[in-house]
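To start, the structure itself, in structure tokens.
Protein chains: 4
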Amino acid sequence: MKKTSFGMVGGGLGSFIGDVHRHGAMIDDLAALRAGCFSRSREKSLETARAWDIPEDRVYGTFQEMADRESARDDGIDFVTVATPNSSHYEIAKYFLEKNIHVMCDKPVTMTVEQAEDLKRIAEERKLLFAVSYAYTGYPVIRQARRMIEDGIIGRMLYVRAGHPEDWVISSVPEEPAGNLPWRFDPNVAGESLCCADLGTHAEQLIEQFTGLTIRRVLAKFNTWPAYLPLETNVTALLDLGDGITGELWASQIAIGKECSPYIYVVGTKGALEWNHEKPDILKYTELNGPTQLLSAGRDYMGAESRSITRVAAGHHEGYFEVFGNIYRPFCENLLALKEGKAYEGLSYPTIREGLNGMKFIHACVESEKRGNIWIDL
Amino acid sequence: MKKTSFGMVGGGLGSFIGDVHRHGAMIDDLAALRAGCFSRSREKSLETARAWDIPEDRVYGTFQEMADRESARDDGIDFVTVATPNSSHYEIAKYFLEKNIHVMCDKPVTMTVEQAEDLKRIAEERKLLFAVSYAYTGYPVIRQARRMIEDGIIGRMLYVRAGHPEDWVISSVPEEPAGNLPWRFDPNVAGESLCCADLGTHAEQLIEQFTGLTIRRVLAKFNTWPAYLPLETNVTALLDLGDGITGELWASQIAIGKECSPYIYVVGTKGALEWNHEKPDILKYTELNGPTQLLSAGRDYMGAESRSITRVAAGHHEGYFEVFGNIYRPFCENLLALKEGKAYEGLSYPTIREGLNGMKFIHACVESEKRGNIWIDL
Amino acid sequence: MKKTSFGMVGGGLGSFIGDVHRHGAMIDDLAALRAGCFSRSREKSLETARAWDIPEDRVYGTFQEMADRESARDDGIDFVTVATPNSSHYEIAKYFLEKNIHVMCDKPVTMTVEQAEDLKRIAEERKLLFAVSYAYTGYPVIRQARRMIEDGIIGRMLYVRAGHPEDWVISSVPEEPAGNLPWRFDPNVAGESLCCADLGTHAEQLIEQFTGLTIRRVLAKFNTWPAYLPLETNVTALLDLGDGITGELWASQIAIGKECSPYIYVVGTKGALEWNHEKPDILKYTELNGPTQLLSAGRDYMGAESRSITRVAAGHHEGYFEVFGNIYRPFCENLLALKEGKAYEGLSYPTIREGLNGMKFIHACVESEKRGNIWIDL
Amino acid sequence: MKKTSFGMVGGGLGSFIGDVHRHGAMIDDLAALRAGCFSRSREKSLETARAWDIPEDRVYGTFQEMADRESARDDGIDFVTVATPNSSHYEIAKYFLEKNIHVMCDKPVTMTVEQAEDLKRIAEERKLLFAVSYAYTGYPVIRQARRMIEDGIIGRMLYVRAGHPEDWVISSVPEEPAGNLPWRFDPNVAGESLCCADLGTHAEQLIEQFTGLTIRRVLAKFNTWPAYLPLETNVTALLDLGDGITGELWASQIAIGKECSPYIYVVGTKGALEWNHEKPDILKYTELNGPTQLLSAGRDYMGAESRSITRVAAGHHEGYFEVFGNIYRPFCENLLALKEGKAYEGLSYPTIREGLNGMKFIHACVESEKRGNIWIDL
């Protein structure tokens with residue numbers, strides 16, 4: 001039983017996402033956190049390192065120093081987790097790639113389509129792994145849905161509805177301007193989109209993982225509330241998924257009553273599949289003219305792929321930490337195979353390809369809105 | 001306690017909708033069925049009349065004869081219920097209006113916007129009542145939602161999502177052409193739209209009744225399955241509801257897993273309201289940053305208006321027959337007030353105004369689809 | 001198409017249950033209300049008669065007069081509906097039976113086991129029909145469950161849980177005594193039990209209709225709240241259903257959060273069935289080691305028996321009025337067959353046999369509680 | 001930021017519960033696994049140790065050796081986690097206590113009431129901590145319920161229903177005997193009860209944690225299926241919770257359709273609270289005559305105690321690993337306080353007191369069943 005080792009940029013004590021990455025990485029004993037530049041302040045980084053049993057000599061003041069020195073060590077980290085605000089992903093990921101260190105990066109992966117294309121190119125040239133932590137697609141029943149669709153269970157797909165509504169902006173941002181806003185609201189740090197980037201990409205990725213389809217064109221309408229915000233907080237988009245399949249996508253940060261409710265519904269000529277994060281272990285399947293069936297993660301009737309990432313007995317629950325684990329597991333297994341020169345035949349996971357698709361989706365939505373809600377190619 | 005009397009065109013034995021109208025009309029003892037032209041065959045009409053205790057001399061071979069003779073009787077019917085296929089609504093309703101007989105008509109009310117405008121004009125000129133049987137909006141909690149919105153409970157409205165998915169076409173129509181299809185699939189009888197007319201108008205009316213908003217513009221995308229059908233079976237529409245409020249509407253006849261699931265979600269600056277026909281007695285209300293509350297029809301905390309049309313104790317159920325009753329009740333009360341020369345101050349109900357809005361909605365959706373999914377004014 | 005005619009004792013204007021009986025009887029055009037003694041006051045009875053189009057000469061001051069005169073008419077009523085408080089059921093039903101008039105009676109059918117046995121004996125001797133209006137068991141999916149169980153779908157039954165929780169007493173009765181209480185709280189009118197009689201019998205009957213099993217023994221524990229009430233408001237009972245099958249039954253009038261939530265769960269060696277009145281059109285079925293399936297009333301996969309009492313398309317709703325109709329329909333069909341001297345082969349319905357079982361259940365629960373929660377035979 | 005160190009007896013590679021303990025212990029960085037006797041085979045223990053980065057010199061062939069040598073080390077473990085079958089808990093826990101090592105033990109804590117009393121006595125005499133891993137009560141909303149009840153939100157409690165149905169026995173054990181059964185089915189290893197011990201104690205503890213009440217008397221009825229099993233697989237119990245509060249408890253291993261569904265419903269004079277493991281982040285609260293409210297873990301309206309153990313934003317999910325963490329967290333904090341000589345004022349957790357209550361509950365149920373379903377004091 002081998003393990004990978006990794007470092008983290010960002011995500012120190014007090015950062016929620018850092019904890020999630022760390023536990024997601026550790027949950028299957030496939031990765032050990034050995035180095036870090038957890039904060040802009042080395043003092044805070046050291047404090048984090050002490051809490052997490054990381055030796056002082058592998059705590060770095062800058063990510064460049066970390067990449068330089070870790071890549072020079074015999075026992076240097078295999079990969080880096082980038083858990084910083086959006087605007088710095090590109091620079092950091094690129095730097096590590098160029099030191100031949102594999103990357104696990106938060107989403108959205110960059111600020112622009114071009115940056116994502118650049119990262120993709122570098123990773124491919126250097127044969128480096130690049131994973132993007134689209135966590136919600138990590139639930140086992142989403143794998144099951146994909147397999148059922150590929151096996152033709154619902155026939156030819158006709159129509160897709162997916163979304164990711166939350167209420168965090170309307171719940172926390174005052175109606176009238178009052179002091180500074182967090183980085184996500186600042187176009188210089190967050191990029192050209194707020195809601196598309198933060199939540200729309202989760203829905204876009206959910207469609208891709210669940211159905212295997214890729215969005216070809218979008219027609220998007222934005223709303224912004226509170227009204228003074230510089231970026232949108234609600235997005236409704238029509239989707240062209242190719243082959244005559246259309247769809248609709250809703251992302252919202254003002255959806256009172258929806259705390260974190262990604263969902264998807266797909267209908268084909270022979271049946272339909274539906275999933276909602278509110279009961280994340282359940283996949284609803286309806287055969288044409290049959291009763292709706294509630295497929296439950298971990299049962300023997302679920303496929304091997306889905307069961308392979310279910311850690312608990314059916315009826316028990318896995319949550320946010322575990323689905324991060326479900327991104328880290330295949331990534332680490334792929335990395336171990338690579339290190340041993342073996343072919344990797346395990347589960348897929350979101351990579352820079354999916355990260356790039358997300359950037360194209362964001363940009364096309366922004367363009368569609370700017371140009372009066374017309375269809376824009378991705 | 002007074003009663004109105006009515007006749008029915010269409011809706012004879014074997015017609016589901018005829019039974020629903022009849023029971024909806026009778027449920028509050030405000031209307032008695034006294035005459036009819038239930039079928040094109042007088043024999044079948046007579047059979048229906050016998051089953052329903054209607055004297056033979058008030059059974060008619062044609063609707064014209066019925067209108068002529070009933071309007072000539074001292075005890076002639078007060079109103080007619082038009083329960084025939086869409087294409088004949090206009091001709092029939094017009095004929096009765098011109099004999100000064102009030103009208104209750106199925107939806108969609110006509111084949112074209114112009115016809116609906118014509119009926120509206122005639123009814124207004126003659127001061128006749130004209131109700132349209134949009135049944136699903138008859139649930140008591142929908143009245144409650146409207147009142148809460150008007151009382152400012154959810155603040156200024158921001159965004160609306162509504163729909164009416166069913167699976168009846170995909171469940172019953174073969175993938176490949178096989179013999180004749182029912183009238184709904186024939187553009188000559190059904191009009192320029194299948195799904196918009198059949199189900200989209202229910203969702204459109206649900207938005208209007210629930211929120212009080214009227215759709216100003218639509219941008220619609222159609223799908224058609226089975227592919228050989230001449231009219232659409234799935235509609236996705238972006239909505240402009242005025243004052244910066246936008247929305248999305250989904251109507252489908254191919255939504256496997258959704259048997260009859262009209263729904264609506266409305267978010268405002270202070271809260272959100274949500275309803276789904278799957279639990280039609282429950283209204284979900286979430287105050288900004290508060291827990292979601294499940295408001296149940298018939299409880300004392302519900303408003304007087306909502307309670308006035310709840311016939312059973314909370315937790316008991318009312319269904320399709322009773323919501324038809326909730327259209328008939330205010331219509332009959334209005335009619336009784338009119339007959340007595342009194343002002344009517346009771347509940348509102350869908351009228352030819354709402355019927356006309358429905359026709360405009362259908363036509364705008366068809367136009368938007370034809371012109372490549374652009375915004376079309378209603 | 002023939003019809004029965006009936007009269008009603010009790011249930012006049014202002015009585016909720018009278019309206020429910022009347023509409024339940026009329027919904028399938030199998031019964032017409034032709035006579036009545038709707039109230040102790042003839043004046044109020046006449047008012048009711050006027051509202052319901054019943055001729056004055058068939059409105060009676062006493063139930064005896066009604067039975068005497070209707071039984072003497074050629075066109076006298078076929079059956080009487082008894083919709084009065086519990087304490088008068090016996091006397092009224094007996095009087096009508098002795099005039100050879102069939103009976104539809106509210107539950108609990110009498111005050112004592114002996115009275116119910118007496119009515120059963122009289123009805124059997126005179127070959128008269130005697131139905132008891134256990135409404136909640138009228139939902140189509142309950143028929144479906146019974147058929148599935150009889151077909152062996154869930155194997156040999158092992159264990160049953162059923163209940164009928166409501167909150168009406170705790171919601172409406174003050175914690176401290178304050179003036180007179182309604183008749184249901186008076187042992188002289190209600191009998192020896194409040195909650196067992198009012199709601200426990202519904203749960204008992206639900207078990208019988210759903211499973212075909214009869215309760216053999218009970219062991220019951222009572223609670224009473226508000227504490228000054230003379231009769232119990234919450235009942236928990238262990239059940240012996242014969243053949244080693246055991247169960248549990250809960251009836252409550254103090255179950256805050258449960259408005260009217262009869263439910264049942266039955267597990268057998270090969271599967272389980274579950275129903276809850278909160279979604280009354282849905283039957284949950286789980287095959288051993290399979291996914292839970294949601295069977296929906298009205299779909300083609302439902303059995304003929306269940307579909308025969310479904311009046312609306314799947315996904316639409318039927319409620320309290322319609323399930324009363326589902327008691328009246330087979331009762332009236334049986335009556336029509338009897339009048340024509342034909343064998344009745346239609347659906348079953350709750351009769352005086354089930355009414356008697358209910359009385360035995362109530363009495364056994366009261367005895368068990370009195371004697372310190374021991375097993376009592378029914 | 002200090003950490004505790006611990007060892008584990010049992011729970012090696014291949015053991016599900018070992019992984020759960022390990023991750024539960026680590027999730028808040030309050031405990032590090034430093035030693036173990038993970039299996040009867042030292043070879044397998046060493047394999048586990050390698051996978052988990054535990055030095056070879058702290059892997060032991062017997063638990064006695066582990067206790068002896070760890071208690072002799074300066075850096076010896078603070079506590080031991082006992083994750084072995086029921087029959088060995090007593091011997092192991094006692095041995096470690098006598099070496100002054102604190103204990104975290106699986107439930108049920110012993111085989112007999114006397115053994116649990118003995119452990120309680122030893123722990124108290126030596127002022128050692130003794131936690132019992134009743135995981136399901138670790139959900140944050142259960143803390144919230146307890147606080148609301150203590151604050152009088154639902155008034156005086158009247159009645160409680162709780163249970164823990166699963167389907168694992170009926171899903172996995174053949175109807176007819178076929179080879180050897182796992183240890184849980186063997187009275188010599190599992191003790192005098194199967195279902196009460198395995199699942200009933202979870203429900204019993206859920207009542208205690210949720211309400212603060214302790215069961216005073218039980219009256220229990222057992223079922224056994226498959227019929228040849230030596231111990232019961234389904235338990236229904238009436239509960240006396242003191243002060244006139246009664247309740248009902250159901251535990252089942254044959255509940256097809258219920259995968260792992262602990263639940264509780266508590267009604268008081270002013271309101272009711274309800275929780276079901278199927279949506280573990282949600283607490284249902286209904287004020288008398290008010291709408292049901294869905295309280296969601298992590299929202300600001302939840303109390304500080306509940307929020308202190310919520311690691312994710314509202315709407316995200318925590319599951320089985322995290323609730324183990326919620327037992328480990330207060331236990332470790334208590335231990336750290338003890339080591340520093342400080343008073344512990346943090347959250348409570350299940351201790352040997354609760355473990356002993358569980359044993360009394362099991363024994364009283366077994367006695368009640370043996371003696372014909374009569375009330376037995378705990």
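Protein chains in written order, with our numbering: chain A, 1 to 378; chain B, 1 to 378; chain C, 1 to 378; chain D, 1 to 378. All residues carry an ideal CB built from backbone N, CA and C; glycine is no exception. Bear in mind that the values here come from a model prediction, so they are computed numbers and not experimental data.
For a minimum of 3 consecutive residues, which ranges assigned as the beta strand (DSSP E) are wholly contained in the stretch 115–155 of chain C?
Entirely contained in the stretch 115–155 of chain C, the beta strand (DSSP E) runs reaching 3 residues are, in chain order, 130–132.
Using a Cβ-Cβ cutoff of 8 angstroms, what residues of the stretch 290–314 of chain A are near chain C? List them in chain order.
Within the stretch 290–314 of chain A, the residues whose Cβ lies closer than 8 angstroms to some Cβ of chain C are Gly290, Pro291, Thr292, Gln293, Leu294, Leu295, Ser296, Arg299, Asp300, Tyr301, listed in chain order.
What do you reckon, are the CB atoms on alanine 49/A and lysine 99/A nearer than 7 angstroms?
The residue given as residue 49/A occupies position 49 in the first sequence. The residue given as residue 99/A occupies position 99 in the first sequence. Inclusion of alanine 49/A and lysine 99/A in the CB contact set at 7 angstroms is not warranted, their separation being larger than that value.
Looking at chain C, which residues of the stretch 257–271 of chain D have a Cβ within less than 9 angstroms of any of its Cβ atoms?
Taking 9 angstroms as the Cβ-Cβ cut-off against chain C, the residues of the stretch 257–271 of chain D that qualify are Gly257, Lys258, Tyr265, Val267, Gly268, Thr269, Lys270, Gly271.
Any beta carbon of chain B sitting closer than 7 angstroms to that of threonine 224/A?
Mapped onto the first sequence, residue 224/A falls at position 224. By this cut-off, threonine 224/A is not an interface position.
As an exercise, report each continuous beta strand (DSSP E) stretch of at least 3 residues that is fully enclosed by the stretch 231–277 of chain C, in chain order.
Taking only runs of at least 3 residues, the beta strand (DSSP E) segments lying wholly in the stretch 231–277 of chain C are 234–240, 246–252, 263–268, 271–276.
Is any heavy atom in the ligand ATP found nearer than 6 angstroms to the beta carbon of leucine 273/C?
In terms of ligand content, the structure shown is empty, and the ligand ATP therefore cannot be addressed.
Using a beta-carbon distance cut-off of less than 8 angstroms, what residues from the stretch 49–63 of chain D approach chain A?
Of all residues in the stretch 49–63 of chain D, Arg50, Ala51, Trp52, Asp53 have a Cβ within less than 8 angstroms of some Cβ in chain A.
From Trp168/B, Val160/B, Arg73/B, pick the residue whose C-alpha is nearest to that of leucine 288/A; which is it?
Here residue 288/A corresponds to residue number 288 of the first sequence, with the count starting at 1. Closest by alpha carbon: Trp168/B.
Rounded C-alpha distance that separates serine 193/C from leucine 231/C:
Looking up residue 193/C in the third sequence gives position 193. Looking up residue 231/C in the third sequence gives position 231. About 6 angstroms.
I'd like to check one pair, glycine 12/B with lysine 44/B: are the Cβ atoms closer than 7 angstroms?
By one-based count along the second sequence, residue 44/B stands at place 44. By one-based count along the second sequence, residue 12/B stands at place 12. Contact flag set, yes.
Residues of chain A with CB under 7 angstroms from proline 280/D, in chain order?
What you label residue 280/D is simply residue 280 of the fourth sequence in a count that begins at 1. Ordered by position in chain A, the residues that pass the 7 angstroms Cβ test against proline 280/D are His317.
Out of Met359/D, Lys339/D, Pro140/D, which one is the CA nearest neighbour of alanine 349/D?
By one-based count along the fourth sequence, residue 349/D stands at place 349. Per the sequence shown, the amino acid found at residue 349/D is tyrosine instead of alanine. When each option's Cα is compared against that of tyrosine 349/D, the closest is Pro140/D.
Going by the beta-carbon positions, is the gap between glycine 268/D and glycine 155/D smaller than 7 angstroms?
As a first step, residue 268/D is located in the fourth sequence; it is residue number 268 there, counting from the start. As a first step, residue 155/D is located in the fourth sequence; it is residue number 155 there, counting from the start. Closer than 7 angstroms, so yes.
Are there three or more Cβ pairs, one per stretch, closer than 8 angstroms when the stretch 187–207 of chain B is compared with the stretch 230–249 of chain B?
Yes: at least three Cβ pairs fall under 8 angstroms.
Terminal residues of the alpha helix (DSSP H) in which arginine 50/B lies:
Looking up residue 50/B in the second sequence gives position 50. Start and end: 42–51.
For serine 5/D, three-class secondary structure by DSSP
Position 5 of the fourth sequence, counted from the first residue, corresponds to residue 5/D. In this structure, serine 5/D counts as strand in the three-state DSSP scheme.
Label serine 172/A either buried or exposed according to how many other C-beta atoms from any shown protein chain fall within 10 Å of its C-beta, with 16 as the threshold for buried.
Working through the first sequence from its first residue, we reach residue 172/A at position 172. Exposed, because fewer than 16 other Cβ atoms sit within 10 Å of the Cβ of serine 172/A.
What residues from chain C crowd round tryptophan 250/D, counting only those whose CB sits closer than 8 angstroms?
Walking along the fourth sequence from the start, residue 250/D turns up at place 250. Under the 8 angstroms cutoff, chain C gives Arg161, Glu248.
Cβ-based neighbour list, tyrosine 344/A, same chain, cut-off 8 angstroms, excluding 5 preceding and 5 following:
For the purposes of this step, residue 344/A is taken as the residue at position 344 of the first sequence. Within the same chain, and ignoring the five residues on either side of tyrosine 344/A in sequence, the residues whose Cβ sits closer than 8 angstroms to its Cβ are Glu333, Asn334, Ala337, Leu338.
Min CB distance aspartate 29/D to chain A below 7 angstroms:
For the purposes of this step, residue 29/D is taken as the residue at position 29 of the fourth sequence. For aspartate 29/D, the closest Cβ of chain A is nearer than 7 angstroms.
Glutamate 287/D, DSSP secondary structure in three states
For the purposes of this step, residue 287/D is taken as residue 287 along the fourth sequence, with counting starting at 1. For glutamate 287/D, the secondary structure class from DSSP, reduced to helix, strand or coil, is strand.
How many whole angstroms separate the CB atoms of leucine 294/C and proline 291/A, which I take to be in contact at a CB cut-off of 8 angstroms?
By one-based count along the third sequence, residue 294/C stands at place 294. By one-based count along the first sequence, residue 291/A stands at place 291. About 5 angstroms separates the two Cβ atoms, so the contact holds.
In angstroms with no decimal places, state the Cα-to-Cα distance between methionine 104/D and arginine 329/D.
Taking the first residue of the fourth sequence as position 1, residue 104/D is located at position 104. Taking the first residue of the fourth sequence as position 1, residue 329/D is located at position 329. The straight-line gap from Cα to Cα measures roughly 12 angstroms.
By the 8 angstroms beta-carbon criterion, what residues does the stretch 318–331 of chain C contribute toward chain B?
Of all residues in the stretch 318–331 of chain C, those with a C-beta nearer than 8 angstroms to a C-beta of chain B are Glu318, Gly319, Tyr320, Phe321, Glu322, reading in chain order.
Do glycine 200/C and alanine 145/C have their C-beta atoms within less than 7 angstroms of each other?
If you number the third sequence from 1, residue 200/C lands on position 200. If you number the third sequence from 1, residue 145/C lands on position 145. No, these two residues do not count as a Cβ contact at 7 angstroms.
Would serine 368/D be called buried (16 or more neighbouring beta carbons within 10 Å of its own) or exposed?
As a working mapping, residue 368/D is identified with position 368 in the fourth sequence. Label assigned to serine 368/D: buried.
Does leucine 238/D come within less than 7 angstroms of chain C when only Cβ atoms are used?
To locate residue 238/D, count along the fourth sequence from 1; it is residue 238. In terms of beta-carbon proximity, leucine 238/D lines the interface with chain C, with at least one pair separated by less than 7 angstroms.
Please confirm whether leucine 283/D has its beta-carbon closer than 7 angstroms to some beta-carbon of chain C.
In the fourth sequence, residue 283/D corresponds to position 283, counting from 1. Nearest CB-CB separation between leucine 283/D and chain C: not below the 7 angstroms threshold.
Does the separation of the CB atoms of asparagine 86/C and lysine 221/C fall below 7 angstroms?
For the purposes of this step, residue 86/C is taken as the residue at position 86 of the third sequence. For the purposes of this step, residue 221/C is taken as the residue at position 221 of the third sequence. No, these two residues do not count as a Cβ contact at 7 angstroms.
Shorter than 7 angstroms from the beta carbon of lysine 221/C to some beta carbon of chain D?
Position 221 of the third sequence, counted from the first residue, corresponds to residue 221/C. So, interface residue.
Give the interface partners of serine 171/D over in chain C, defined as CB-CB distance under 9 angstroms, in chain order.
Residue numbering aside, residue 171/D sits at position 171 when the fourth sequence is read from its first letter. At a beta-carbon threshold of 9 angstroms, the residues of chain C lying near serine 171/D are Leu288, Asn289, ordered along the chain.
Starting from the Cα of isoleucine 101/D, find the closest Cα among Ser71/D, Glu124/D, Ser88/D, Val109/D and give me that residue.
Numbered from 1 along the fourth sequence, position 101 holds the residue referred to as residue 101/D. For the residues Ser71/D, Glu124/D, Ser88/D, Val109/D, the minimum Cα distance to isoleucine 101/D belongs to Ser71/D.
Using the beta-carbon of each residue, which ones in chain C are nearer than 9 angstroms to proline 166/B?
One-based indexing of the second sequence puts residue 166/B at position 166. The displayed chain sequence assigns glutamate, not proline, to residue 166/B. At a beta-carbon threshold of 9 angstroms, the residues of chain C lying near glutamate 166/B are Ala313, Gly315, ordered along the chain.
Contact set for valine 110/C: own chain, Cβ-Cβ below 7 angstroms, skip 5 residues either direction:
Numbered from its first residue, the third sequence carries residue 110/C at position 110. The residue you asked about is not valine; residue 110/C is threonine in the sequence shown. In the same chain as threonine 110/C, and ignoring 5 residues on each side of it, the C-beta atoms closer than 7 angstroms to its own belong to His89, Tyr90, Ala116, Leu119, Met359, in chain order.
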